[in-house]
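Numbering-wise (this note's numbering), the sequence shown opens with residue 313 and increments by one.
Just so you know, even glycine gets a beta-carbon here, dropped at the ideal spot from N, CA and C.
Quantities reported herein were computed from a predicted structural model and do not represent experimental measurements.
Below is one structure, written out as structure tokens, with a few remarks after it.
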Amino acid sequence: MGRSVWRSSSRDAAFGVSGLTPYFTLSLPVTRRKLVAVGAATIVLELIVLGLGVSLLLPVFSRLIGQSYPLTDALVHALLMTMGGLVFFGFAFLVSTIFNNWWQAVFIGEGLHVALCAPYMGTAPFPRWNLVYQLVSGESYFRHGEIPWSGLLVSVALAAVMFYISVCIFERQDF
Numbered sequence: 313m314g315r316s317v318w319r320s321s322s323r324d325a326a327f328g329v330s331g332l333t334p335y336f337t338l339s340l341p342v343t344r345r346k347l348v349a350v351g352a353a354t355i356v357l358e359l360i361v362l363g364l365g366v367s368l369l370l371p372v373f374s375r376l377i378g379q380s381y382p383l384t385d386a387l388v389h390a391l392l393m394t395m396g397g398l399v400f401f402g403f404a405f406l407v408s409t410i411f412n413n414w415w416q417a418v419f420i421g422e423g424l425h426v427a428l429c430a431p432y433m434g435t436a437p438f439p440r441w442n443l444v445y446q447l448v449s450g451e452s453y454f455r456h457g458e459i460p461w462s463g464l465l466v467s468v469a470l471a472a473v474m475f476y477i478s479v480c481i482f483e484r485q486d487f
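Listed below in structure tokens is the structure:
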């Protein structure tokens, strides 16, 4: 899910892939703040649908192979994956606002993802300092049965701060 966030939250995704689209869009009678907020809200809705859709497929496909996966676990996983993933969204949105090149935002995001996650893929629990990946993986819920509400709150707050900084930067940019 983190990789789709990097790719979908760039300025090109918000305004289209044409080089002239931002100029046309910015000439409409709407504030830049509202324009960026609508683009961000669209991407957040896509993240929610993606997280919920993938998680709800787990109980369905587990039945096909003769296993069971509780619906409540799937819903908690969707909550953790989506709300934890908002940090990736906020960072990707911020990076894509700072750099004019879509590929720079993608490579910076992918590089950060590889640096933080790849060394620990397939191993025992993520290190304690890697809180975002612990949250997204649902480790505390699946190992200890507790939902990390404070982690969810911090994730949403960090995403909101990064989004706010992105809006402030975007409002001051000259196209």
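Can we say the region 360 to 375 touches the region 414 to 431, given the rule of at least three CB pairs closer than 8 angstroms?
no
Rounded separation between L427 and P341 - CA only:
Against the sequence shown, residue 427 aligns to sequence position 115. Against the sequence shown, residue 341 aligns to sequence position 29. The displayed chain sequence assigns Ala, not Leu, to residue 427. Their backbone Cα atoms lie some 42 angstroms apart in a straight line.
For A352, which residues in the same chain have their Cβ closer than 7 angstroms to its Cβ, ignoring the five residues on either side in sequence?
Here the question's residue 352 lines up with position 40 in the sequence shown. Hits under 7 angstroms: F405, F475.
Suppose the cutoff is 6 angstroms on Cβ atoms and the five residues either side in sequence are ignored; what does the same chain contact list for G450 look like?
Here residue 450 refers to the residue found at position 138 of the sequence shown. Excluding sequence neighbours, G450 sits near H389, L392.
By the three-class DSSP mapping on this structure, what secondary structure does I459 have?
Locating residue 459 in the sequence shown gives position 147, counting from the first residue. If DSSP states are grouped into helix, strand and coil, I459 belongs with coil.
Give me, in chain order, the residues of the same chain whose beta-carbon lies closer than 8 angstroms to that of S374; leave out the 5 immediate sequence neighbours on both sides.
As a first step, residue 374 must be located in the sequence shown, where it is residue number 62. Cβ neighbours of S374 beyond the five flanking positions: S380, Y381.
L398 and S467 - do their beta-carbons sit closer together than 8 angstroms?
For this step, residue 467 is matched to residue 155 along the sequence shown. For this step, residue 398 is matched to residue 86 along the sequence shown. Contact flag set, yes.
Report the option in T384, W414, L465, I477 whose CA atom is closest to the CA atom of G457.
To locate residue 457, count along the sequence shown from 1; it is residue 145. Checked all of T384, W414, L465, I477; the closest Cα to G457 is T384.
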